[in-house]
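J.: Sharing a structure, written as C-alpha cells. Questions coming.
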Amino acid sequence: MEKADFPWEIRAAHREEWQDAMALAWKTFLKFEACDYTEEGVKSFQEFITDNTVYRMFLAGSYELFVAMEGRHMIGMITVRCGSHVSLLFVDEKYHRKGVGKSLINYLCNYLMTEAGTSRITVNASPYGLAFYHRLGFRDTGLEMEQDGVRYTPMEFILGYGN
Numbered sequence: 004m005e006k007a008d009f010p011w012e013i014r015a016a017h018r019e020e021w022q023d024a025m026a027l028a029w030k031t032f033l034k035f036e037a038c039d040y041t042e043e044g045v046k047s048f049q050e051f052i053t054d055n056t057v058y059r060m061f062l063a064g065s066y067e068l069f070v071a072m073e074g075r076h077m078i079g080m081i082t083v084r085c086g087s088h089v090s091l092l093f094v095d096e097k098y099h100r101k102g103v104g105k106s107l108i109n110y111l112c113n114y115l116m117t118e119a120g121t122s123r124i125t126v127n128a129s130p131y132g133l134a135f136y137h138r139l140g141f142r143d144t145g146l147e148m149e150q151d152g153v154r155y156t157p158m159e160f161i162l163g164y165g166n
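Numbering-wise (the working numbering), the sequence shown opens with residue 4 and increments by one.
Written out as C-alpha cells, the structure is:
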C-alpha cells in the first residue's frame with residue numbers, strides 16, 4: 004500500500020520508541036484481551052513485554068518492531084521474531100477498524116518478501132485477534148492451545164497470495 008493512502012506512516016521503530024510501543028501493547032491488551040486469559044496468562048504477557056532479553060534482541064536487530072505513526076503519535080505496532088513470526092500486533096483503540104492493523108500486516112508482508120525473501124508469515128493469534136487474521140487470509144495450522152495461561156491459535160499466511 005502506498006503511504007499516501009492513509010494519514011499515518013508505517014516504519015521501523017526507533018530505539019527510543021520501544022517503551023511507547025510496549026505501553027501501547029499493554030494498554031490495548033488489558034482493554035481487549037486480558038478477559039480471555041487467566042491471571043497466569045496476564046502475568047505471562049506482562050513479563051514478556053517487559054523482558055530485558057526481548058529488548059536486547061530488538062537492539063541487536065533479531066526482534067524487529069515496526070510502528071504506525073500519525074504525526075508524532077504512535078497508533079499501532081507490530082513485532083516479528085525468528086524472521087517471519089508476528090509476535091505482537093496492537094492498535095490504539097481509537098484506531099480500531101480503520102485499517103491500521105491491516106496496514107501493519109501489509110507493510111510487514113512487503114518487507115519480508117523484499118528484504119528477507121520470506122514466503123510465509125506465522126502468528127499465534129489470540130482469541131480476540133482470530134477473526135482479524137482470518138479476514139486477512141491467515142489460516143489455522145492447529146487447534147487453540149494454551150501455554151503459561153496464554154491462549155492462542157497457530158496460523159500462517161502465504162506471502163504473495165491475496166496481499
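No residue lacks a Cβ here, since even glycine has one placed at the ideal position from N, Cα and C.
Does the beta-carbon of residue 28 have 16 or more other beta-carbons within 10 angstroms, so that it is buried, or is it exposed?
T.: Taking the first residue of the sequence shown as position 1, residue 28 is located at position 25. A residue is called buried when at least 16 other Cβ atoms come within 10 angstroms of its Cβ; residue 28 meets this threshold and is buried.
J.: Return the bridge partner residues of residue 3 from the DSSP annotation.
T.: No answer is possible for residue 3: it lies beyond the span of the chain, which begins at 4 and ends at 166.
J.: Using only CA atoms, which one of 96, 147, 137 and 58 lies nearest to residue 16?
T.: Here residue 16 corresponds to residue number 13 of the sequence shown, with the count starting at 1. If we check each option's Cα against that of residue 16, 58 comes out closest.
J.: Distance check for residue 120 and residue 166, CA to CA, integer angstroms please.
T.: Residue numbering aside, residue 166 sits at position 163 when the sequence shown is read from its first letter. Residue numbering aside, residue 120 sits at position 117 when the sequence shown is read from its first letter. With a pLDDT of 48 at residue 166, under the threshold of 50, the predicted position of this residue should be treated as unreliable, and no value is reported.
J.: Three Cβ pairs or more, each shorter than 8 Å: is that satisfied between the segment 100 to 118 and the segment 76 to 84?
T.: yes
J.: Relative to the C-alpha of residue 111, which residue among 55, 83, 53 and 132 is closest?
T.: The residue you call residue 111 lines up with position 108 of the sequence shown. Closest option to residue 111, Cα to Cα, is 83.
J.: Reducing DSSP to helix, strand and coil, say where residue 93 ends up.
T.: One-based indexing of the sequence shown puts residue 93 at position 90. Assigned with DSSP and collapsed to three states, residue 93 falls in strand.
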